[in-house]
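1 is the number of the first residue of the sequence shown in the UniProt record's numbering; add one for each residue after it.
C-beta: ideal position from N, C-alpha, C; glycine also.
These numbers come from a predicted model, not from an experiment.
Working notes, beginning with the structure itself.
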Amino acid sequence: MALVGACFSLAFIAGPSIGACLSLHGRDNDQFNSRPAYLAIALTILEALILLIFLPETLKNNEKRKNRTSKQNYSLWTFINPFSITNNSKKSEDIPSNKFLLNSISLIYFLFLLFFSALEFTLGFLTHIRFYYDSRQQGKLYLISGICMLLIQGVFVRRSPSTSKAQSKCALFGLIAIVPAYLFMAIANSEFLLYTGLLFYSISSATVVPSLTALFSRYCEQTQRGAFLGIFRSVGALSRAFGPLLGSTLFWMFGPTLSYSFGAICLLIPMFMFIKLRNKQKWTNEEIQNIKNK
């Protein structure tokens with residue numbers, strides 16, 4: 001998961017830099033430049049083609065036929081319900097033994113990404129209003145953030161032990177870091193405070209999602225891991241769909257100070273939920289060995 005996160009960080013370094021360069025040339029008018037959008041569409045299509053052509057199918061044909069009706073065991077709401085990611089199976093044998101833990105991690109993941117993406121989406125608005133950043137300066141901001149994320153994931157996350165205890169510590173560290181990140185941004189009247197908040201933001205971005213995903217994967221039974229991980233990622237996509245809508249509404253209704261302060265307070269919810277879950281589970285380095293592998 002750390003390697004996947006590192007790839008995301010590399011993209012976070014290259015993407016904003018390319019977008020900033022393109023935005024400086026060939027504007028359609030004084031306010032809008034469509035070149036970055038065209039490039040994003042082209043890269044998305046290219047990515048889809050690469051996946052279709054070069055990504056191998058890991059499920060054999062005989063297994064496909066055997067499990068063809070497995071989708072009928074789940075309702076549509078299963079794939080987007082962050083409160084009960086495992087409860088919608090119609091067969092009792094499909095219900096995992098770690099149901100409570102999987103549901104809890106899923107809900108924490110959803111709430112974190114909902115508030116995180118809400119505030120992340122409005123960061124460009126904040127820097128433009130308070131510091132009059134243009135696209136080039138905003139690209140520099142995201143470039144620095146991507147470099148910080150890459151260093152954190154490459155130096156710390158990748159080297160952390162692959163145990164439940166270590167992954168839970170890493171996730172908790174990131175859940176704590178995001179709160180001061182947005183508090184600093186809420187009160188930022190200087191670039192020093194802005195970049196201090198950006199450092200905490202980068203720590204959280206580099207740790208929470210890979211660690212929670214790794215924890216969730218560990219507690220899925222082997223025969224259900226693919227299905228539940230797919231649902232888990234769908235929950236994340238749902239939060240990233242509604243988060244920017246929520247963040248933009250709050251930002252333009254109440255301004256950056258109140259909206260970012262409110263977001264920081266809301267981010268205390270998944271943090272305390274995870275602390276409670278972590279204390280209840282009492283994760284140890286050996287616990288993962290006791291998980292069923294059916």
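*asked:* Once DSSP output is grouped into helix, strand and coil, what is the label at T122?
replied: coil
*asked:* Taking 7 Å as the limit between beta carbons, can you name the residues of its chain near S217, skipping five residues before and five after?
replied: R225, L229
*Within 8 Å, strictly: CB atoms of M185 and L194*: yes
*According to the Cβ coordinates, are L119 and G263 closer than 8 Å?*
yes
*asked:* So, for P270: in the same chain, excluding its five sequence neighbours on each side, which residues have a beta-carbon less than 7 Å away from its beta-carbon?
replied: I108, L111, F112, L175
*For S17, I'd like the list of residues in its chain whose CB is within less than 7 Å of its CB, leaving aside the five on either flank, ordered along the chain.*
G139, L143
*Just how far apart, CA to CA, sit Q153 and L258?*
31 Å
*First and last residue of the uninterrupted alpha helix (DSSP H) at Q167*: 164 to 187
*Have a look at S145 and S211 and give me their C-alpha separation to the nearest angstrom.*
19 Å
_Nearest-angstrom Cβ-Cβ length linking C170 and S160, presumed shorter than 8 Å_ = 6 Å
*Apply the 10 Å Cβ neighbour rule to I129 and answer buried if 16 or more other Cβ atoms are within range, or exposed otherwise.*
exposed
*Coarse secondary structure for N98, derived from DSSP in three states*: coil
*Using only alpha-carbon positions, find the residue among I45, G19, F156 that is nearest to R35.*
G19
*Could you check what DSSP says for K90 in three-state terms: helix, strand or coil?*
Reliability of the predicted coordinates at K90 is poor, the pLDDT of 46 falling under 50, and the value obtained from them is presented with this limitation in mind. Note: K90 maps to coil in three-state DSSP.
*asked:* Let me make sure I understand the geometry here. Which of Q167, V155, E221, P180 has the alpha-carbon closest to that of L267?
replied: P180
*Consult DSSP for residue 306 and reduce its assignment to one of helix, strand or coil.*
Here the chain covers residues 1 to 294 and nothing more, so residue 306 does not appear.
*So, using beta-carbon positions, are S106 and F232 closer together than 8 Å?*
yes
*Tell whether a beta-carbon distance below 8 Å holds between F121 and P244.*
yes
_Euclidean distance between Cα positions of D134 and R158_ = 34 Å
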